[in-house]
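Using my numbering, you'd call the opening residue of the sequence shown number 12 and step up by one each time. For each residue, glycine too, the CB sits at the ideal point set by N, CA and C. Everything on this sheet refers to the single structure shown next.
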Amino acid sequence: MRFSLFTKYGALNSQSIFGAFAEGCKKLGHEIVYDSHHSGDVAVIWSVLWSGRMAPNRLIWESFRSKGKNVIVLEVGSLYRQKTWRVGVNGINREAYFGEKGNSPDRAKHLKLGLAPFKINEDGHILICTQSPLSRQWRNMPNIEEWLVNQIKYIRSQTDRKIIVRCHPRYPVFIPHDIRFKYKVTCQQPNHVKGDVWDLQTKDAYAVVNISSSPAVQAGLWGVPAYVGEESIAYDISNDVMGDYNNPIIPEDTLRRQWLNDLAYTEWTSDEIASGRPLQRLLPYLEPVSYTHLRA
């Protein structure tokens with residue numbers, strides 16, 4: 012197969028991962044081309060954030076998908092940020108295909124991933140974590156300010172628990188003063204740690220509200236109830252974002268463990284990507300080019 016890598020439109024930290032992916036392709040006997048809309052069987056892009064230097068990826072996505080061709084999306088992972096990287100087909104998070112599910116615990120153990128006991132902290136707060144509306148993840152959602160205000164109202168109609176809103180570090184959301192005052196909402200400012208790493212603390216919360224990005228994954232690992240959208244990779248162990256905030260679902264231990272086992276196969280180190288291992292898992296679903304069972 013011929014993989015077309017669009018390296019010009021990746022984030023600043025993407026070049027080494029593109030390089031590792033190219034190396035993995037070659038080890039498996041496949042061909043690499045660069046920036047070709049026509050000669051590539053599969054496109055390889057960085058993220059689905061249609062903004063800034065990554066904005067041109069939207070046209071690449073639409074071009075390949077409209078022809079029935081697949082798109083591999085590389086992006087920053089959630090497990091060990093800047094150390095593990097997602098490699099999925101035709102999307103990110105739960106919309107992407109990462110290979111077969113029902114995996115053994117071997118890789119989770121290799122990555123030293125574990126699950127904190129599930130708990131409900133009755134004294135905790137509800138943490139709403141927003142995300143960038145410039146991402147394809149948000150394509151079917153309303154204006155993010157509108158969504159946030161409606162979500163606050165919905166939660167407050169059920170509970171008087173403390174509500175904290177933590178905006179995406181690169182996309183602050185304005186909450187009108189009257190909404191903050193009326194619904195007793197506190198705002199939390201993300202603090203930069205280093206590189207592309209920001210502080211995020213979910214383990215003391217009563218619940219985490221997050222449509223489809225990393226905070227829900229962290230909540231799932233810490234055993235904190237999460238309220239999410241269907242696109243979230245934590246969906247299978249979480250509550251619906253418009254669910255009951257007084258009675259969160261308690262997922263079975265076996266379900267959480269299998270979720271962790273499968274989650275471990277969504278992210279890879281650069282050395283593993285260079286070995287071709289993640290691509291090897293995806294090849295049966297990339298060839299031939301007809302994939303009615305994969306999400307559009």
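query: Identified DSSP bridge partners for Ser-15; result: Val-44, Ala-54
query: Three-state secondary structure assigned by DSSP to Thr-197; result: strand
query: Cβ-based burial, Leu-16 [other Cβ within 10 Å; buried from 16]; result: buried
query: Classification of Met-65 by the beta-carbon crowding that lies within 10 angstroms, buried from 16 upward; result: buried
query: Distance, Asn-132 Cα to Gln-269 Cα; result: 24 Å
query: 8 Å contact criterion, which His-136 and Tyr-256 should meet: CB distance rounded; result: His-136 to Tyr-256, Cβ: 12 Å. No contact.
query: Segment contact, 8 Å Cβ cut-off, at least three pairs: the region 22 to 36 with the region 75 to 89; result: yes
query: Coarse secondary structure for Cys-140, derived from DSSP in three states; result: strand
query: Glu-156, enclosing alpha helix (DSSP H) - first and last residue; result: 155 to 167
query: Helix, strand or coil at His-121 according to DSSP, with G and I counted as helix; result: helix
query: Cα-Cα separation between Cys-36 and Glu-278, rounded to whole angstroms; result: 17 Å
query: Boundaries of the beta strand (DSSP E) in which Trp-309 is found, first to last residue; result: In this structure the chain extends from 12 to 307, so residue 309 is not present and cannot be described.
query: Whole-angstrom distance between Ile-103 and Ser-58, CA atom to CA atom; result: 8 Å
query: Residues of its chain near Ser-224, where Cβ-Cβ distance is below 6 Å and the 5 sequence neighbours each way are ignored; result: Gln-142
query: Three-state class that DSSP yields for Asp-255 in the structure shown; result: coil
query: Endpoints, beta strand (DSSP E) assigned at Val-228; result: First-last for Val-228: 225 to 233, but that is the alpha helix (DSSP H), not the beta strand (DSSP E).
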